[in-house]
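K.L.:
Numbering (numbering that gives the first Met the number 0), first residue to last: 0 to 205.
Where is the CB? At the ideal position from N, CA and C, for every residue including glycine.
I have a structure I would like to understand better, so I am pasting it below and will then ask my questions one at a time.
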Amino acid sequence: MIEILEQELFFAALEVIAIFKSQLLWGALLGALFTHIANRLKSQRTARERQSIAAIQIAIQLRSWLSRTANSIGQTKLHDDSGGRAGNPHATNYKFSFEDELDVVSQLNNSDALKVFQLIEERRSIASEVSITAEMVGHEEGSDLKRGRLAELYMQALPIYQSLSKQAKWREMPSSEDEVELMQKEIEKMLASRERDRKAAAELFS
Numbered sequence: 000m001i002e003i004l005e006q007e008l009f010f011a012a013l014e015v016i017a018i019f020k021s022q023l024l025w026g027a028l029l030g031a032l033f034t035h036i037a038n039r040l041k042s043q044r045t046a047r048e049r050q051s052i053a054a055i056q057i058a059i060q061l062r063s064w065l066s067r068t069a070n071s072i073g074q075t076k077l078h079d080d081s082g083g084r085a086g087n088p089h090a091t092n093y094k095f096s097f098e099d100e101l102d103v104v105s106q107l108n109n110s111d112a113l114k115v116f117q118l119i120e121e122r123r124s125i126a127s128e129v130s131i132t133a134e135m136v137g138h139e140e141g142s143d144l145k146r147g148r149l150a151e152l153y154m155q156a157l158p159i160y161q162s163l164s165k166q167a168k169w170r171e172m173p174s175s176e177d178e179v180e181l182m183q184k185e186i187e188k189m190l191a192s193r194e195r196d197r198k199a200a201a202e203l204f205s
């Protein structure tokens, strides 16, 4: 009788130990799960913060580029309107500040980063186009092309700047209506010039 009782106590003790181990295992698993979730949330929060800071940085640099480019093209218009007595005959293809900070650009969300990288490539292609046109056609034609292409780039960069400012909840400095109108006129002049060249070429080979 005593032996049977001892066996029952032994097996009961084993069951208690098994339950205890099971509880410890579940506790360890739940602890690991909660730790993973907490680290994941912290990582996501940090990534969002980095993305927001990058958006502000790029937006500020874009605003500076937009302002300088508008002023440069405005100076060429002043030169034309004054008969060469004021202003500057050549627009400047200013480099984006973030061209030397591509790691900052890469912290934006994928869509915005791609748009900013495309801006960089577009600006660089303008330099090549203008150089070839000036060499093959003439410096005046190259200068006119630069104005039109920079105006196009301005209109491409403007909505990106506005979007990044909105995302980062940063106070946007809107472009003036005069700036936008000037860019649109320069683009229209460039397109009209291209159409004249196309017609002239068609007549030449007809």
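Specify the secondary structure class of residue 84 as computed by DSSP and reduced to three states.
P.N.:
The residue you call residue 84 lines up with position 85 of the sequence shown. It is coil, neither helix nor strand.
K.L.:
Take the Cβ of residue 103 as the centre, count every other Cβ of all protein chains shown within 10 Å, and call the residue buried at 16 or more, exposed below.
P.N.:
Position 104 of the sequence shown, counted from the start, is the residue given in the question as residue 103. By the neighbour-count rule (16 or more Cβ atoms within 10 Å), residue 103 is buried.
K.L.:
Mapping the DSSP letters down to three states, classify residue 117 as helix, strand or coil.
P.N.:
If you number the sequence shown from 1, residue 117 lands on position 118. Residue 117 falls in the helix class under three-state DSSP.
K.L.:
Do residue 202 and the ligand ZN come close, with the Cβ less than 7 Å from some heavy atom?
P.N.:
Among the components modelled here there is no ligand, and therefore nothing to report on the ligand ZN.
K.L.:
Determine the extent of the alpha helix (DSSP H) in which residue 145 is found, giving its start and end residues.
P.N.:
Walking along the sequence shown from the start, residue 145 turns up at place 146. Residues 138-166.
K.L.:
What residue range does the alpha helix (DSSP H) around residue 190 cover?
P.N.:
Stepping through the sequence shown from its first residue, residue 190 is reached at position 191. Its alpha helix (DSSP H) spans residues 176-204.
K.L.:
If you check the beta carbons only, do residue 78 and residue 92 fall under 8 Å apart?
P.N.:
Within the sequence shown, numbered from 1, the residue matching residue 78 stands at position 79. Within the sequence shown, numbered from 1, the residue matching residue 92 stands at position 93. No, the Cβ-Cβ distance between residue 78 and residue 92 is not below 8 Å.
K.L.:
Whole-angstrom Cβ separation of residue 142 and residue 65, contact assumed at under 8 Å?
P.N.:
Along the sequence shown, one-based indexing puts residue 142 at 143. Along the sequence shown, one-based indexing puts residue 65 at 66. Not quite, the Cβ-Cβ distance comes to about 21 Å (not below 8 Å), so this is no contact.
K.L.:
Spatial neighbours of residue 118 within its chain, please: C-beta separation below 6 Å, excluding the five flanking residues on both sides.
P.N.:
Taking the sequence shown and counting its residues from 1, one reaches residue 118 at position 119. Cβ neighbours of residue 118 beyond the five flanking positions: 156.
K.L.:
Closest Cβ-Cβ distance between residue 80 and chain D: below 8 Å?
P.N.:
Although the question refers to chain D, the structure presented lacks it and comprises just one protein chain.
K.L.:
Per the contact definition of three or more C-beta pairs closer than 8 Å, is the segment 48-64 in contact with the segment 106-125?
P.N.:
These segments touch.
K.L.:
Going by CA-CA distance only, name the one from 162, 196, 180, 195 that's closest to residue 59.
P.N.:
As a first step, residue 59 must be located in the sequence shown, where it is residue number 60. Cα-wise, what sits closest to residue 59 is 162.
K.L.:
Using 8 Å as the threshold, is the C-beta distance between residue 97 and residue 57 below it?
P.N.:
Position 98 of the sequence shown, counting from 1, holds the residue named residue 97. Position 58 of the sequence shown, counting from 1, holds the residue named residue 57. Taking 8 Å as the Cβ cut-off, residue 97 and residue 57 qualify as a contacting pair.
K.L.:
Taking C-beta to C-beta, are residue 197 and residue 152 nearer than 8 Å?
P.N.:
Translated into positions along the sequence shown, residue 197 becomes position 198. Translated into positions along the sequence shown, residue 152 becomes position 153. No, these two residues do not count as a Cβ contact at 8 Å.
K.L.:
On the premise that residue 75 lies in contact with residue 146, defined as a C-beta separation below 8 Å, what is that separation, rounded to the nearest angstrom?
P.N.:
For the purposes of this step, residue 146 is identified with residue 147 of the sequence shown, where counting begins at 1. For the purposes of this step, residue 75 is identified with residue 76 of the sequence shown, where counting begins at 1. Going by Cβ atoms, the distance from residue 146 to residue 75 rounds to 6 Å, so yes, they are a contact pair.
K.L.:
Can you name, in chain order, every residue of its own chain whose Cβ lies under 6 Å from the Cβ of residue 90, other than the five neighbours on each side?
P.N.:
Walking along the sequence shown from the start, residue 90 turns up at place 91. Only 71, 72, 75, 145, 146, 149 meet the Cβ criterion.
K.L.:
Rounded to the nearest angstrom, how far is the Cβ of residue 69 from that of residue 181, given a contact under 8 Å?
P.N.:
Numbered from 1 along the sequence shown, position 70 holds the residue referred to as residue 69. Numbered from 1 along the sequence shown, position 182 holds the residue referred to as residue 181. The pair is a contact, with the Cβ atoms about 7 Å apart (cut-off 8 Å).
K.L.:
Classify residue 78 as helix, strand or coil using the three-state DSSP reduction.
P.N.:
Here residue 78 is taken as the residue at index 79 of the sequence shown, counted from 1. Helix at residue 78.
K.L.:
Could you give the distance in angstroms between the alpha-carbon of residue 165 and the alpha-carbon of residue 95?
P.N.:
Reading the sequence shown from its first residue, position 166 is the one you call residue 165. Reading the sequence shown from its first residue, position 96 is the one you call residue 95. Looking at the two C-alpha atoms, the distance is approximately 20 Å.
K.L.:
Spatial neighbours of residue 29 within its chain, please: CB distance less than 7 Å, with the 5 preceding and 5 following residues excluded, ordered by chain position.
P.N.:
Numbered from its first residue, the sequence shown carries residue 29 at position 30. For residue 29, the predicted structure reports a pLDDT of 45, less than 50, and the residue's modelled location is therefore unreliable. A value from the coordinates is still provided. Closer than 7 Å at the Cβ level, and outside the excluded window around residue 29, lies no residue.
K.L.:
Compute the Euclidean distance between the alpha carbons of residue 37 and residue 100, then round it to the nearest angstrom.
P.N.:
For this step, residue 37 is matched to residue 38 along the sequence shown. For this step, residue 100 is matched to residue 101 along the sequence shown. Confidence at residue 37 is low in this model, with a pLDDT of 49, below 50, so the placement of that residue should be treated as unreliable; the coordinate-derived value is given next. Spanning the two alpha carbons is a distance of roughly 31 Å.
K.L.:
State the Cα-Cα distance for the pair residue 61 and residue 137, rounded to the nearest angstrom.
P.N.:
To locate residue 61, count along the sequence shown from 1; it is residue 62. To locate residue 137, count along the sequence shown from 1; it is residue 138. In a straight line, the C-alpha of residue 61 is about 31 Å away from that of residue 137.
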